[in-house]
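Since the structure comes first, as structure tokens, the remarks are kept for the end.
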Amino acid sequence: MNGRQVVTGVYCAAATPLKENGDPDLALFADHCGKLLSEGCHGIALLGTTGEANSFSQDERRTILESALAAGIAADRLMPGTGVAAIPETVALTKHALSLGVTKVVMLPPFYYKGVSDEGIYAAYSQIVEKVADSRLKVILYHIPQVSGIPLSIPLVKRLAAAFPETIVGIKDSAGDFTNMQALVAELPGFSVLAGADPLLLPLLKAGGAGCITATSNLIADSLRLIFDHAADPAKADEVETAQARINAYRTLSNSYVQIPTIKAMVALRRGEDAWFRTRAPLVPLNGSERADLAAKFAALD
Numbered sequence: 259m260n261g262r263q264v265v266t267g268v269y270c271a272a273a274t275p276l277k278e279n280g281d282p283d284l285a286l287f288a289d290h291c292g293k294l295l296s297e298g299c300h301g302i303a304l305l306g307t308t309g310e311a312n313s314f315s316q317d318e319r320r321t322i323l324e325s326a327l328a329a330g331i332a333a334d335r336l337m338p339g340t341g342v343a344a345i346p347e348t349v350a351l352t353k354h355a356l357s358l359g360v361t362k363v364v365m366l367p368p369f370y371y372k373g374v375s376d377e378g379i380y381a382a383y384s385q386i387v388e389k390v391a392d393s394r395l396k397v398i399l400y401h402i403p404q405v406s407g408i409p410l411s412i413p414l415v416k417r418l419a420a421a422f423p424e425t426i427v428g429i430k431d432s433a434g435d436f437t438n439m440q441a442l443v444a445e446l447p448g449f450s451v452l453a454g455a456d457p458l459l460l461p462l463l464k465a466g467g468a469g470c471i472t473a474t475s476n477l478i479a480d481s482l483r484l485i486f487d488h489a490a491d492p493a494k495a496d497e498v499e500t501a502q503a504r505i506n507a508y509r510t511l512s513n514s515y516v517q518i519p520t521i522k523a524m525v526a527l528r529r530g531e532d533a534w535f536r537t538r539a540p541l542v543p544l545n546g547s548e549r550a551d552l553a554a555k556f557a558a559l560d
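Now the structure itself:
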């Protein structure tokens, strides 16, 4: 690594609003992206776990990305998820993003087969990079073993970063193990280690991390941005502490029920748009009593 982090800042793991028929609501999504940037996000990590990406077809994923660009969101502010179970489809989605001028992607490993070796995961990522064959590509690996079932070990990450230093430039660590994040920062100078959990942004920045890609930034980008901008400023310590407490409160509430439907319900309450309540099966929206409980608690925040 060259010692310079390529991807830094607060990225929103953007949720995806749906129409009554279950199709992505492209206009509302583009509007949400614009608001997230105005609220403090450096960029939008669309089509990830929070965005229900693996419930959408390849064509839908392409259309969602294209809609954000068509609405005027700059290509360098977008970081779509392109990793799926089949290598040729990951290559196709990644090439599509590059064809639109979007050069940064977040990439899950192939995740259907469990118990695979580091050698197998290394081969998969290597084949993807070699088949895409585009020097512009910047890949953020995606470590979320509690969902994917495929952990990305530190030796594997180091091997990939050494083999493709200009392409594999970072990792989103959503496992919640801060010790693992610290080790990645220490062992990979210049690698962009990004927290997947909002409460870990501040300690990760203090350890030399690069930023975050989080679900709660759909709601409180301003507080996350304040922490990113002022984590090392003693004169802002009280403001940072207040922002961290707000972040923790929102994150705790988002975990009251199943997280993705709950995040979407909180966005619906914040934006005043019922489309946000909807989820695509197998996820189900909050029921009436859950919504009422969430609304009461949400109103008490801030």
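In terms of this note's numbering, the sequence shown opens at residue 259 and continues consecutively. Glycine included, C-beta positions come from ideal geometry on N, C-alpha and C.
Listed as beta-bridge partners of G339 by DSSP are V364. As the crow flies, the alpha-carbon of L304 is around 7 Å from that of L336. Excluding residues up to 5 positions away in sequence, I412, K416 lie with their Cβ nearer than 7 Å to the Cβ of E445 in the same chain.
Within a 10 Å sphere around the beta-carbon of K362 sit 16 or more other beta-carbons, which makes this residue buried. Ranking L284, N279, S296, T308 by CA distance to the CA of K522 puts T308 first. Under the DSSP assignment, Y269 falls in the beta strand (DSSP E) whose first and last residues are 267-270. DSSP places K430 within a strand segment (E or B) once states are collapsed to three. The continuous stretches of beta strand (DSSP E) do not include G448, and DSSP gives it neither H nor E. Residue pairing by DSSP places A453 opposite D431, C470 in a beta bridge. Straight-line measurement puts the Cα of R529 at about 21 Å from the Cα of D456.
Cβ-Cβ separation between S481 and A495: approximately 15 Å, too far for a contact (criterion under 8 Å).
Where L286 is concerned, there is no enclosing beta strand (DSSP E), although the alpha helix (DSSP H) around it starts and stops at 284-296.
In the three-state reduction of the DSSP assignment, Y400 falls in the strand class, which pools E and B.
With a cutoff of 8 Å on beta-carbon distance, G280 and R538 are scored as near each other. The beta carbon of R320 lies closer than 8 Å to those of L351, H354 in the same chain, with the five residues before and after it left out. Shown here for E347: same chain residues with a beta carbon closer than 8 Å to its own, the five before and five after excluded, namely Q316 in chain order.
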